[in-house]
Amino acid sequence: MWSPRPAPTPPCVTFEDSDSDCDPIVPDYDGMSEVVTRLENLATTHDYTPVEDDLTMEGDSFEYDAFVEDNASIKESISTRDSTLIRNAPPESSIEAFLPRPEIPKQHVHYFKPDTECTLLNGQVFTFGQLHVMSLEVAEARHNGEFPATAEVTLDAEAVTEDFNALMQLRRLRGDHRLFASEAYIQFRDQVANRIRQRHGSLNEETNQETARRVQYYLQAVENEKRYYNASNSMLQHRGITNPSQHGLVNVNDEMCSMVEHTIEQGISDATGPLRMNVGRLGAQAVNLEQQNEIFQQQNIVHQVNLRRQSETLQQQSILARQQAQYLQQQNSFFRRQTGALQQQAGVFAQQNSIFQHHAISLHQESRFFKRETGALRQQNRVMREQLELQNASLAHISYLVEPQTFNNQATAQNLDTANRLVSDLSNIATQIPEAIRKALDEAREKQEREIREAQEAKEAEEAAQRQQDANPKNEAAAYYPAVQAVGAQKKNGMTTGSDEIRKGEQSSLHRMVRKLRRRRLSRGF
1 MWSPRPAPTP
11 PCVTFEDSDS
21 DCDPIVPDYD
31 GMSEVVTRLE
41 NLATTHDYTP
51 VEDDLTMEGD
61 SFEYDAFVED
71 NASIKESIST
81 RDSTLIRNAP
91 PESSIEAFLP
101 RPEIPKQHVH
111 YFKPDTECTL
121 LNGQVFTFGQ
131 LHVMSLEVAE
141 ARHNGEFPAT
151 AEVTLDAEAV
161 TEDFNALMQL
171 RRLRGDHRLF
181 ASEAYIQFRD
191 QVANRIRQRH
201 GSLNEETNQE
211 TARRVQYYLQ
221 AVENEKRYYN
231 ASNSMLQHRG
241 ITNPSQHGLV
251 NVNDEMCSMV
261 EHTIEQGISD
271 ATGPLRMNVG
281 RLGAQAVNLE
291 QQNEIFQQQN
301 IVHQVNLRRQ
311 SETLQQQSIL
321 ARQQAQYLQQ
331 QNSFFRRQTG
341 ALQQQAGVFA
351 QQNSIFQHHA
361 ISLHQESRFF
371 KRETGALRQQ
381 NRVMREQLEL
391 QNASLAHISY
401 LVEPQTFNNQ
411 ATAQNLDTAN
421 RLVSDLSNIA
431 TQIPEAIRKA
441 LDEAREKQER
451 EIREAQEAKE
461 AEEAAQRQQD
471 ANPKNEAAAY
481 YPAVQAVGAQ
491 KKNGMTTGSD
501 EIRKGEQSSL
511 HRMVRKLRRR
521 RLSRGF
């Protein structure tokens, strides 16, 4: 427990926005009051440092290196400063200065790691390490004059991020330092300086309001003491006591103050009794909260490890995805090449198709030409068959007329049948064996002539043999011989003329076909 401490009365209160000198605020009370004199003496001899002086220190005396030290030292200095402010806070009434103050338990401070995230009001997320780097960059820029200076001692996370973004914008607008600054850079720098002054002015306004509130509390305490002193004097004067020491009332003011203090202390002790009983419970709860905080920190560490593992797996998956994307790109390029080759092949196929179409048209024309040729050959075959039929009829008639030549006629009929078959075969393949037909016809003609000659010789021999016989048969043979000779001559002449006509027709048709084939070959070659 601390010893009772009187309420400090500041001898001088000033505001930063006023340009006047320090004007003491003197309350309107009687200077002969012993209580007021005691309070003034206590305030004069008390070693209390006002909160306003602690908060409004000058920028020249403040070492900025304390702001850029590591997180642990910063948080330790902040916790020490907070405890000092709480311990040295002025009382809000004159009676509170004489009351005992409870001891402030030592709190366990948990420092955040540099990778701990912090969410700002605008939703942006930064780590304490990033905020520390931003504050260092802004401090260096203020030190070398690149960024407007400020009278603020400390900056919160919002101010640090705002100043850092403004610094980055200024650097982008400044560009090359060897050139003159642009008008946009100058205007934006003025805007940043005005915004910093407005922010500092709002903070000063809050500080001034707090100072005015505390001064008002001091004045109210002095006013209450004045009323108490006037009440005690009026009470003694009402009882007719002009000299309190004559009636044994030495230091009556002190006794009355002690009585009031005792009454207040008794009331406070009665009121704070349950609170003291709850201190142990609060301590246990604090221990539980510390344990929970440690558990949360362990869970946070495990969560960070899991996040790192997940990030590693995600990176691996991203690498695999990139590889797959590259593979897909390669496949796509390969497919594109294949499609190009297929398109080229399609073009070649289209050209070949057009060539095949032209060739089909030419084949169709050739087929039509061959059909015409086959029709002509069929007509020729019909003519030849008719001629052969006529020849067969004439031969049959001759066979009836010439009995000795029956065998020869049969052989001739067989040859003619063979020739007919050959002609029918030649009608199917007219362009293949025209020479064979001509040779066969020549052989048949020669054979027929030879047989006719042999028959004539045989007949002449028989006639010569029969001449020697009787006269009647001689006359009959002599009459019959000219008729047979005439018939043989007619047959010979008919065979020769028919074979010549057939040969001429075949040669003319073959010559025409050969000429047409040569013309087509020449046209294709060109």
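Heads up: the sequence shown at position 522 corresponds to 522 in the UniProt record's numbering, and the numbers run straight through without jumps.
Just so it is clear, CB atoms sit at the ideal spot from N, CA and C, and this is done for glycine as well.
Here the structure is a predicted model, which means the values were calculated and not measured.
- Bounds of any alpha helix (DSSP H) do not take in GLU146, whose DSSP letter is neither H nor E.
- Using a 10 angstroms sphere on the CB of MET259, the tally of other CB atoms stays under 16, which defines it as exposed.
- If you look at PHE164, you'll find it in the alpha helix (DSSP H) that goes 157-174.
- Note that the C-beta distance between ALA396 and GLU451 is not below 8 Å.
- In summary, THR211 is buried, with 16 or more beta-carbon neighbours lying within 10 Å of its beta-carbon over all protein chains present.
- In this structure ARG214 is buried. Its beta-carbon is surrounded by 16 or more other beta-carbon atoms within 10 angstroms.
- Here the stretch 381-390 makes contact with the stretch 415-428; the two share three or more CB pairs at distances below 8 Å.
- Note: GLU117 is bridge-paired with THR127 in the DSSP secondary-structure output.
- For PHE180, the three-state secondary structure derived from DSSP is coil.
- A Cβ-Cβ separation of about 10 Å leaves ARG378 out of contact with SER424 under the 8 Å criterion.
- With 16 or more other Cβ atoms from the protein chains shown falling within 10 Å of its own Cβ, THR161 counts as buried.
- When ILE355, GLN266, ASN415 and ALA184 are compared, the shortest CA-CA separation from LEU170 is found for ALA184.
- In this structure, the CA atom of GLN304 is about 18 Å from the CA atom of GLN316.
- Less than 8 Å divides the Cβ of PHE188 from the Cβ of LEU173.
- Burial of PHE164 is indicated by the presence of at least 16 other C-beta atoms within 10 angstroms of its C-beta.
- Of the residues assessed, LEU441 falls on the buried side of the cut-off, its CB having 16 or more other CB atoms within 10 angstroms.
- CA-to-CA, the gap between ALA458 and GLU443 works out to about 22 Å.
- Two segments are said to touch when three or more pairs of C-beta atoms, one from each, lie closer than 8 Å; by this definition the stretch 137-155 touches the stretch 189-200.
- With distances taken between CA atoms, VAL125 lies nearest to ALA157 out of ALA157, GLU140 and ALA139.
- In the three-state scheme derived from DSSP, where H, G and I count as helix and E and B as strand, THR263 is classed as helix.
- Around the beta carbon of TYR327, fewer than 16 other beta carbons sit within 10 angstroms, so the residue counts as exposed.
- When VAL138, ALA341 and CYS118 are compared, the shortest CA-CA separation from GLY129 is found for CYS118.
- Collapsing the DSSP output to three states places GLU454 in a helix.
- For GLU435, the closest C-alpha among the options GLU373, ALA393 and HIS511 is that of HIS511.
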